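Chemist:
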Amino acid sequence: MMIDFGKLTGGGTVDSALQPREIFVALPNKKEGKFEYPRDVQTQVWDHWFKRRDESDLVLKMNTGSGKTVVALLILKSSLNEKKGPAVYVVPDNYLLEQVLSEANDLGIEVTKETSSPLFLSGKAILVVSIHKLVNGLSVFGVGDEGIKIEIGTLLIDDAHACLDTIEDQFIITISRQNKAYNDLYNIYRESLHTQCETKASEIELGDPSAYMQIPFWTWQDKIKETSSILIKHKNTENEIKFTWPLLKESLHLCRCIVSVKEIEISPHCIPIQMIPSIANAARKVFMTATLADDGILSTHFGIKEESISRAVIPDSAGDVGDRMILLPQVINPELSDEQIKDLCKCASQHINVVVIVPSEYRSKFWQDEADLILNKDNIYSGVERLKNEKVGLVVLINRYDGIDLPKDSCRLLVIDGLPDVRHLIDKVNQGILMGSGRLSSQIIQRIEQGMGRGIRSSDDYCAVLLMGKNLTSQLYARGAINKFSPATKAQLDISEKISEQIKGKGIKEILETLSYLFDRNKDWVSVSKGAVAALTYNDKTDLNRISLTLRDSYDYADRKIYTNAISTLSDLINETTDKPLKGYLMQCLSEYINLYDKVEAQKTLLSASSFNTRILKPLDGISYHKLESLEMEQAKACSEFLKTKYNNPNKIIIEINSLLENLIFKPETSNIFEESLKMLAQYFGFNAQRPEDEFRRGPDVLWETGGLTYFVIECKNGATTETINKYDCNQLNGSIEWFESEYDSTCKRTPIMIHPSTVFEYAASPNPCIRIIDVDGLEKLKRSVIDFFKSICVNDELHDIAKIRESLIVNKLRPSDFLQHFTKNHSKK
């Protein structure tokens with residue numbers, strides 16, 4: 001007979017001690033050799049948490065790979081010992097759930113994944129579930145008026161930022177075109193959409209995959225009753241509605257609705273997380289996050305108040321991160337192409353595992369010819385297991401920036417290829433409104449940093465990181481978003497940037513040689529790299545995203561129908577905001593709340609908002625068109641003044657131009673970024689430009705003023721896939737010509753231009769004889785000329801030399817008359 005002596009001694013301590021470190025030391029069944037003693041950082045966090053454990057909401061920040069799972073399990077075990085159960089450990093997905101169960105088993109802590117487990121319900125075991133199990137419209141924990149079905153005493157949400165996407169999905173009603181509710185909803189809002197923008201509404205009805213529109217909030221609020229009736233009618237027959245309706249049905253008036261060809265999407269201003277009462281009523285809530293800069297979304301998604309976010313529990317040191325060399329090849333040498341970087345990755349993958357994170361399935365095709373494995377949502381977990389157990393080579397992950405671990409040899413070179421794609425229609429709308437705003441770059445940085453953290457999972461791990469893609473490079477380097485990274489990442493970037501300076505202008509061979517210092521664990525590199533982060537500490541106060549916090553406070557007031565407080569809270573933020581695109585956006589949010597009780601004042605506020613941001617919803621009475629005034633200086637001087645004002649480093653100009661040109665492609669569903677890039681490009685070589693349809697509801701996609709009262713009236717059909725230019729697109733450009741002639745007098749000369757893969761109009765079309773076409777060949781020629789022009793004036797920093805700029809404009813055919821001759825073609829007709 002065997003006696004379990006653990007039950008005679010340590011067992012009592014394990015089940016009665018409150019200090020997590022004491023419990024850890026007393027655990028009798030820890031896996032031998034794995035948990036000999038807790039790390040310093042774990043003890044520090046436990047001590048900080050223990051002193052404040054009775055606060056209802058605690059944010060706990062730890063670097064990736066610093067032993068968060070062990071910290072979490074011991075916090076929950078301590079809470080159970082203190083009779084603060086039942087205890088629930090929430091993870092982003094089922095893959096991580098299995099990892100937590102395994103870790104708990106190795107520690108010897110009782111866990112279960114069954115919500116009906118008697119051990120869990122009696123406070124003897126920790127329940128481990130995915131965020132989807134807890135948060136969904138039919139949650140077993142209870143939803144809304146159902147009340148609490150499963151009580152939670154202590155709730156710990158691990159990797160809270162990685163849980164956000166799942167939470168958003170549960171609180172968004174997405175109605176596909178095939179759903180019977182789509183047409184019912186579209187019909188009640190059709191007139192309002194056409195009033196808002198006739199052209200875009202027509203594009204949706206004609207099946208343009210890139211077209212989408214927000215339903216004006218005043219119409220949405222007026223028709224909540226009809227909308228609710230339609231959704232209720234279909235909720236039991238359509239799963240798209242069935243699983244989300246219970247979460248949104250009480251807050252439809254605080255939602256936004258976006259319409260596209262593929263779907264109708266309904267999403268709340270902020271997540272009404274109180275619809276899961278088990279979360280709202282948990283006595284203790286702990287939110288574990290990585291050390292990302294923006295914690296404001298913990299407020300918008302979980303409703304955490306400013307006091308809790310600002311006083312996050314943090315370790316004493318921030319230097320407990322793995323070793324990373326972070327390089328931006330297209331900053332080191334702007335001439336480097338994506339193809340060359342792909343060759344570098346393939347070369348490296350002969351010896352190590354290389355993992356590339358791409359934003360979309362479309363982009364994964366670029367890597368297809370060299371990839372050894374492409375992972376999507378269906379095979380991600382089996383693929384990750386292969387990486388952990390063998391050398392696979394070059395592996396591509398599609399749109400997976402969080403929720404996976406790639407420790408040690410599973411990933412020694414991590415590549416972030418391009419900017420992350422937005423996931424929802426409302427994100428596309430907000431991205432369009434907030435172009436040029438710092439708020440947008442903060443959201444992008446958070447996603448990128450999440451991705452960069454996949455390759456180092458402990459302080460003794462190491463991984464090289466390449467950031468590639470001209471848009472990504474421009475966002476980080478030319479537009480200053482690099483300063484938004486967390487302290488540890490910034491420190492590693494700083495040291496990597498100093499290395500980059502030493503190989504400035506070099507090629508792939510030199511970059512690969514530089515990376516070998518990390519791969520080969522060169523002593524000098526390791527010493528410098530570790531030294532760069534060794535002394536890092538966290539700020540005592542978390543950097544607060546005041547915007548997210550204020551939007552949450554305003555939303556909560558509006559949800560309780562205290563509209564005056566919602567408006568005054570948001571108004572204070574607006575008055576402090578100097579970022580014009582953001583100010584206009586916030587004023588639109590303000591208008592939505594005002595409209596709930598004063599429709600006239602709401603329209604006045606929206607009209608005022610349009611003076612700061614013309615991309616927001618257009619008020620009922622419209623916005624007066626502001627003409628593009630003729631340039632008062634010659635093109636070369638205007639070009640010089642623009643560049644000198646905007647940049648102090650000519651290299652950043654090349655990076656930004658590369659980014660703009662990367663957006664000028666013939667590809668479906670890219671019209672918004674194409675038009676914006678075309679508008680911005682004109683300003684770079686000395687023209688004025690605007691987007692009349694986007695900014696004023698009428699007119700062409702893009703209008704260039706090229707000096708001397710000459711204008712280019714441009715319609716962009718870069719998403720077209722037809723062999724000919726159809727009648728609708730032709731009529732659109734003809735209509736833009738008429739618009740121009742009604743807005744500008746006879747002294748102004750206009751040239752209508754269509755950007756389209758074809759130069760041939762279909763038989764039914766009636767094109768204006770003056771129309772010129774920029775086709776695939778013309779666009780490529782234009783892009784080559786643009787980059788050659790900027791190289792010629794930037795290489796030797798000749799931004800002040802008007803004569804040099806003038807000469808280069810002539811050589812590269814970028815004066816108005818040369819432009820038309822060299823980059824546009826005559827049209828023909830079938």
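FYI, full-length UniProt numbering numbers position 737 of the sequence shown as 737, with every residue one higher than the one before it. Ideal Cβ positions, reconstructed from N, Cα and C, are used throughout, including at glycine. Source: prediction; values computed, not measured.
What number of angstroms, rounded off, separates the C-alpha of Glu263 from the C-alpha of Lys830?
Modeler: Annotation: Glu263 to Lys830 spans about 35 Å, alpha carbon to alpha carbon.
Chemist: Gln178: buried (16+ other C-beta within 10 angstroms of its C-beta) or exposed?
Modeler: exposed
Chemist: Run the CB neighbour count on Asn595, radius 10 Å, all protein chains shown included, and call it buried at 16 or more, exposed below.
Modeler: buried
Chemist: Give me the Cα-Cα distance between Phe712 and Asp378, rounded to the nearest whole angstrom.
Modeler: 48 Å
Chemist: Which same chain residues, not among the five before or five after Lys813, have their C-beta less than 8 Å away from its C-beta?
Modeler: Ser785, Phe819, Gln821, His822, Phe823
Chemist: Compute the beta-carbon to beta-carbon distance between Ser496 and Asp421, rounded to the nearest angstrom, for a pair I have assumed lies under 8 Å.
Modeler: Contact doesn't hold; Cβ gap of about 26 Å is too wide.
Chemist: Between the region 153 to 164 and the region 276 to 288, can you find at least three pairs of beta-carbon atoms closer than 8 Å?
Modeler: yes
Chemist: I'd like the ranges of any beta strand (DSSP E) spanning at least 3 consecutive residues and lying wholly in the region 710 to 790.
Modeler: The region 710 to 790 contains these whole beta strand (DSSP E) runs: 710 to 716, 749 to 755, 772 to 774.
Chemist: Residue ranges of each beta strand (DSSP E) run of no fewer than 3 residues wholly in the region 584 to 655, ordered along the chain?
Modeler: If only uninterrupted beta strand (DSSP E) runs of at least 3 residues are considered, none is enclosed by the region 584 to 655.
Chemist: Taking the straight line between their C-alpha atoms, what separation do you get for Arg190 and Glu675?
Modeler: Straight-line Cα distance between these residues: approximately 25 Å.
Chemist: Sort out for me which residues DSSP pairs Glu263 with in a bridge.
Modeler: Ser176
Chemist: Looking at C-alpha atoms only, which residue of Arg521, Trp525, Tyr593, Gly584 is the closest neighbour of Lys498?
Modeler: Of the candidates Arg521, Trp525, Tyr593, Gly584, the one whose C-alpha sits nearest the C-alpha of Lys498 is Trp525.
Chemist: Going by the CB atoms, is the gap between Met213 and Leu193 shorter than 8 Å?
Modeler: yes
Chemist: What do you reckon, are the CB atoms on residue 838 and Ser624 nearer than 8 Å?
Modeler: Absent from the structure is residue 838, since the part of the chain shown begins at 1 and ends at 830.
Chemist: Taking 8 Å as the cut-off, decide whether the C-beta atoms of Leu551 and Thr300 are in contact.
Modeler: In this structure, Leu551 lies near Thr300, with their beta-carbon atoms less than 8 Å apart.
Chemist: Run the CB neighbour count on Gln368, radius 10 Å, all protein chains shown included, and call it buried at 16 or more, exposed below.
Modeler: Sixteen is the threshold: since fewer than 16 other Cβ atoms of the shown chains lie within 10 Å of the Cβ of Gln368, the residue is exposed.
Chemist: Grab the span of the beta strand (DSSP E) containing Lys130 for me, first residue to last.
Modeler: A quick correction: the sequence has Ser, not Lys, at residue 130. 126 to 130 is the span of the beta strand (DSSP E), which, as asked, contains Ser130.
Chemist: Pull up the DSSP beta-bridge partners for residue 868, would you.
Modeler: Here the chain comprises residues numbered 1 to 830, so residue 868 is not present and cannot be evaluated.
Chemist: Run through DSSP, which three-state label would Leu466 get?
Modeler: strand
Chemist: In the DSSP assignment, find the beta strand (DSSP E) that holds Val90 and state where it starts and stops.
Modeler: 87 to 91
Chemist: What residues in its chain sit with their C-beta under 6 Å from that of Ala682, if we drop five residues either side in the sequence?
Modeler: Same-chain partners within the cutoff: Ala689, Trp704.
Chemist: So, Glu723 versus Ser758, is the Cβ gap smaller than 8 Å?
Modeler: In contact: Glu723 and Ser758 (Cβ atoms closer than 8 Å).
Chemist: Return the CA-CA distance between Phe685 and Val811, expressed in angstroms with no decimal places.
Modeler: 13 Å
Chemist: Using a Cβ-Cβ cut-off of 8 Å, state whether Gln274 counts as contacting chain D.
Modeler: Among the chains of the structure shown, chain D does not appear; only one protein chain is present.
Chemist: Cutting at 7 Å between CB atoms, please list the residues of its own chain near Ile224, excluding the five before and the five after it.
Modeler: So the qualifying residues of the chain are Leu252, His253.
Chemist: Count the other C-beta atoms from every protein chain shown that fall within 10 angstroms of the C-beta of Ile562, then say buried if there are 16 or more, exposed otherwise.
Modeler: Looking at its Cβ environment, which holds fewer than 16 other Cβ atoms inside 10 Å, Ile562 is exposed.
Chemist: Go ahead and label Val795 buried or exposed: buried means 16 or more other beta carbons lie within 10 angstroms of its beta carbon, across all protein chains shown.
Modeler: exposed
Chemist: Per DSSP, Gln214 forms a beta bridge with which residues?
Modeler: Paired residues: Ile258.
Chemist: Along the chain, which unbroken stretches of the beta strand (DSSP E) at least 3 residues long are found entirely within the region 495 to 565?
Modeler: none
Chemist: Could you name the residues of the same chain whose beta carbon sits closer than 8 Å to that of Ile503, not counting the 5 residues immediately before and after it, in chain order?
Modeler: Ile332, Glu510, Ile511, Thr514
Chemist: Let's see if you can read the secondary structure: which residues bound the alpha helix (DSSP H) around Val71?
Modeler: 68 to 81
Chemist: Look at the alpha carbon of Ser527 and the alpha carbon of Phe519, and state the distance between them as a whole number of angstroms.
Modeler: 14 Å
Chemist: Hey, Lys530 and Asp323 are a contact pair by Cβ (cut 8 Å); roughly how many whole angstroms apart?
Modeler: 7 Å
Chemist: So for Leu8, helix, strand or coil by DSSP?
Modeler: Residue confidence for Leu8 is low, a pLDDT of 49 falling below 50, so the modelled location carries little weight; the figure read from the coordinates is stated next. In the structure shown, Leu8 sits in coil (DSSP, three-state: anything other than H, G, I, E or B).
Chemist: On a Cα-Cα basis, can you pick out the residue from Thr166, Met452, Pro407 that is closest to Asp461?
Modeler: Nearest of Thr166, Met452, Pro407 to Asp461, Cα basis: Pro407.
Chemist: Below 8 Å on the Cβ atoms is my contact criterion, and I expect Gly455 with Leu419 to pass it. Report the Cβ-Cβ distance as a whole number of Å.
Modeler: Contact check for Gly455 and Leu419: beta-carbon distance about 19 Å, past the 8 Å limit, so the pair fails to qualify.
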